[in-house]
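Oh and the sequence shown: position 199 is 1285 in the working numbering, straight run, nothing missing.
Every residue, glycine too, gets a C-beta built ideally from N, C-alpha and C.
Remarks on the structure that follows.
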Amino acid sequence: MFYYYGRKKQIAGHYPDPSYDVIIEPFAGSAAYSLHGNRWQKQVILVEKDPRVASLWEWLIHTATPQDIANLPDLMVGEKTSNFLHILHAATKMAFQYKTIKTTPVLARNWEISKRQMAANLYKVKHWTILCGDYSEAPNLEATWFIDPPYRYESGTGYQYSSHHLDYQKLAHWILQRQGEIICCEGQGGDYLPFQPLRMSKGVAGKASQELIFYHSLTAKVQLSLI
Ligand SMILES: C[S@@+](CC[C@H](N)C(=O)[O-])C[C@H]1O[C@@H](n2cnc3c(N)ncnc32)[C@H](O)[C@@H]1O
């Protein structure tokens, strides 16, 4: 929905389509999986621990109109900003550490494109639900669970609530107790579930990195094409 470090926008189509009427993303970020294709039409429940990200979703779901978004001012190169939504668009994994940033040409362009995209896609999320809290507070429903936590072996600078704050054994146990369909994402070296390679993808600095997936479904017979 908005530019976000670690978002799955480029590879959302490589994950299995949801088999259930409800999609739950307990590590919401910008929720690229649920926005891919027609998936947004399902009942989508997002859980996000970072209050700034959750508030952004609350605003998009409950308050914002396309006109409100279109009316947000453009950013001028060299201008300083402390707006969290701007900082997210700075295309850096350090974004979460900054309180104020100076607008670069990349940020000015990202912001302009993203404003248009957010305004155009806003209608898709108006029936969604956002809960601000820990993943473990997600409602225990039979659903398609798209689980995309901070990667276990990433540097830990990518998010306010990073890999350093997660107990991955506890997370694995919780994941395996989900009812319905489980799609879990990891990066290179991810080892707390029997992950398989999904594909290579370009990282933030254009560096290739391997995406891993753990897929489990009680009912659906999905042909997962692993690349
Ligand atoms: C890899 S990102 C998700 C990216 C998302 N799939 C997308 O496409 O934008 C992980 C997210 O989980 C959030 N998070 C970290 N720890 C959490 C926790 N314990 N419970 C819920 N959310 C958490 C982070 O703030 C971050 O937004």
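The alpha-carbon separation between H1122 and I1187 amounts to approximately 30 Å.
In this structure, the CA atom of H1172 is about 15 Å from the CA atom of G1115. Around the Cβ of G1099, a 10 Å sphere holds fewer than 16 other Cβ atoms; the residue is exposed. Pairing T1215 with S1141, the inter-Cα distance amounts to about 12 Å. If only complete runs of 3 or more residues are kept, the segment 1196-1241 shows the beta strand (DSSP E) at 1215-1218, 1228-1233, in order along the chain. Sixteen is the threshold: when 16 or more other Cβ atoms of the shown chains lie within 10 Å of the Cβ of M1087, as they do, the residue is buried. Using a C-beta cut-off of 8 Å, the segment 1161-1171 makes contact with the segment 1191-1198, since at least three inter-stretch Cβ pairs fall below that distance.
Runs of the beta strand (DSSP E) lying entirely within the segment 1164-1194 and spanning at least 3 residues: none are present.
At a Cβ-Cβ threshold of 7 Å, I1109 and V1133 do not count as neighbours. If you compare the alpha carbons of Y1247, I1261, L1298, H1250 with that of C1271, the shortest gap goes to L1298. Taking L1146 as the centre and dropping the five residues before and after it, the same chain places the C-beta of M1087, L1208, V1211 closer than 7 Å to its C-beta, in chain order.
Remark: the C-beta of K1179 is outside contact range of ligand 1, defined as less than 6 Å to any heavy atom. Excluding five sequence positions before and after K1185, the CB atoms of its chain that fall closer than 7 Å to its own CB belong to S1168, given in chain order. Under the three-state reduction of DSSP, H1122 is assigned to coil, being neither helix nor strand. Remark: the C-beta of Y1301 is outside contact range of ligand 1, defined as less than 6 Å to any heavy atom. F1113 has its Cβ nearer than 6 Å to a heavy atom of ligand 1. The secondary-structure analysis by DSSP pairs L1298 across a beta bridge with E1272, P1283. If you compare the alpha carbons of Q1255, T1243, H1250, E1198 with that of G1092, the shortest gap goes to T1243. In this structure the segment 1225-1232 does not lie against the segment 1148-1166, because fewer than three pairs of beta carbons, one per stretch, are closer than 8 Å.
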